[in-house]
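Residue numbers (our numbering), protein chains in the order written: chain A, 398 to 508; chain B, 836 to 945. Every residue gets a Cβ at the ideal spot worked out from N, C-alpha and C, and that includes glycine. Only a predicted model underlies this, so the values are computations on that prediction, with no experimental measurement involved.
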Amino acid sequence: EVQLVESGGALVQPGGSLRLSCTASGFTVSSNYMNWVRQAPGRGLEWVSVIFSDGIIYYADSVKGRFIISRDNSKNTVYLQMNSLRAEDTAVYYCAQTAAYWGQGTLVTVS
Amino acid sequence: IVLTQTPLSSPVALGQPASISCRSSQSLVHSDGNTYLSWLHQRPGQPPRLLIHKISNRFSGVPDRFSGSGAGTDFTLEISRVEAEDVGVYYCMQATQFWTFGQGTKVEIK
Chain A
398 EVQLVESGGA
408 LVQPGGSLRL
418 SCTASGFTVS
428 SNYMNWVRQA
438 PGRGLEWVSV
448 IFSDGIIYYA
458 DSVKGRFIIS
468 RDNSKNTVYL
478 QMNSLRAEDT
488 AVYYCAQTAA
498 YWGQGTLVTV
508 S
Chain B
836 IVLTQTPLSS
846 PVALGQPASI
856 SCRSSQSLVH
866 SDGNTYLSWL
876 HQRPGQPPRL
886 LIHKISNRFS
896 GVPDRFSGSG
906 AGTDFTLEIS
916 RVEAEDVGVY
926 YCMQATQFWT
936 FGQGTKVEIK
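Next comes the structure, spelled out in structure tokens:
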């Protein structure tokens with residue numbers, strides 16, 4: 398069974414940093430493309446970043462230069478390092494393996 | 836790629852049909868010939884759940900009252916008979932070029 402579990406969300410001050418983790422089970426992250434998607438309170442879904450199986454990475458313009466996606470194959474985990482955080486980064490952050498499998502999300506509050 | 840959904844709100848009586856439209860700012864046909872247009876359903880406090888992928892393919896466990904159609908830039912999700920559990924927000928999503936989502940359509944019981 399595919400399962401994704403995010404962690405690392407917290408309350409952080411503007412300008413601060415946070416690292417989110419997404420631990421997978423039931424499949425291998427290194428063999429799949431993994432995405433981070435966020436949802437601000439009461440708002441819609443916004444794609445943040447993707448890491449492909451070959452290591453190619455892309456970011457949304459809103460986070461480019463501030464966020465870094467990476468993975469640890471030995472831990473079957475994908476990370477999102479978030480730097481220079483702003484109030485508008487406040488959201489629930491989901492990791493997703495294709496559109497079929499989503500984690501429960503982790504809340505990041507920048508205030 | 837920008838996805839525009841209509842309507843943004845849809846009050847529907849139980850047992851009645853519902854339809855949501857999704858229009859893309861450009862063709863969603865991928866170079867591999869597939870069209871990566873999906874429909875997701877989200878209830879409050881829950882992550883999105885995949886209903887339909889590649890325009891019209893129901894995901895595992897999705898009731899057959901949900902159907903998807905369309906091509907190119909225009910797509911539709913139809914619910915043949917709305918049930919109480921169908922309330923929530925529906926998003927179209929494209930994965931042809933990275934991911935983008937429509938604004939969401941809130942379905943509620945009238």
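Problem - Contact under 8 Å by Cβ, tryptophan 499 of chain A with proline 883 of chain B - result: yes
Handout entry: Within 7 Å of chain A by C-beta, residues of the segment 909–931 of chain B in sequence order
Key = Tyr926, Met928, Ala930
Practice task
Give the residues of chain A in contact with proline 898 of chain B, contact being defined as C-beta atoms less than 9 Å apart.
Solution key: By Cβ distance, chain A contributes nothing, its closest Cβ being about 16 Å from proline 898 of chain B, past 9 Å.
Practice task
Measure the alpha-carbon distance for aspartate 469 of chain A versus valine 475 of chain A and round it to whole angstroms.
Solution key: 6 Å
Exercise for the section: Since I believe leucine 885 of chain B is in contact with alanine 421 of chain A (beta carbons under 8 Å), could you give me their beta-carbon distance rounded to a whole number of angstroms? Expected result: The C-beta distance from alanine 421 of chain A to leucine 885 of chain B rounds to 17 Å, too long to fall under 8 Å, and the pair is not in contact.
Exercise for the section: For alanine 496 of chain A, return the contacting residues in chain B, with the cut-off set at a CB-CB distance below 7 Å. Expected result: Ser873, Leu875, Leu885, His888, Met928, Ala930
Exercise for the section: State yes or no: is the beta carbon of glutamine 938 of chain B nearer than 8 Å to at least one beta carbon in chain A? Expected result: Yes, glutamine 938 of chain B counts as interfacial toward chain A.
Handout entry: Residue closest to tyrosine 490 of chain A, alpha-carbon to alpha-carbon, out of A/Arg483, A/Val426, A/Thr425, A/Leu477
Key = A/Leu477
Problem - Run of the beta strand (DSSP E) containing glycine 905 of chain B, from where it starts to where it stops - result: 901–906
Practice task
Please list the partners that tryptophan 444 of chain A has in chain B, where partner means a Cβ-to-Cβ separation under 8 Å.
Solution key: Phe933, Trp934, Thr935, Phe936
Exercise for the section: Report the partner residues of lysine 941 of chain B according to the DSSP bridge assignment. Expected result: B/Ser844, B/Val924
Exercise for the section: Tell me whether serine 859 of chain B is buried or exposed, calling it buried when 16 or more other Cβ atoms sit within 10 Å of its Cβ. Expected result: buried
Exercise for the section: Identify the contact partners of phenylalanine 894 of chain B in chain A, using a Cβ-Cβ distance below 8 Å as the criterion. Expected result: Chain A residues near phenylalanine 894 of chain B: Ala497.
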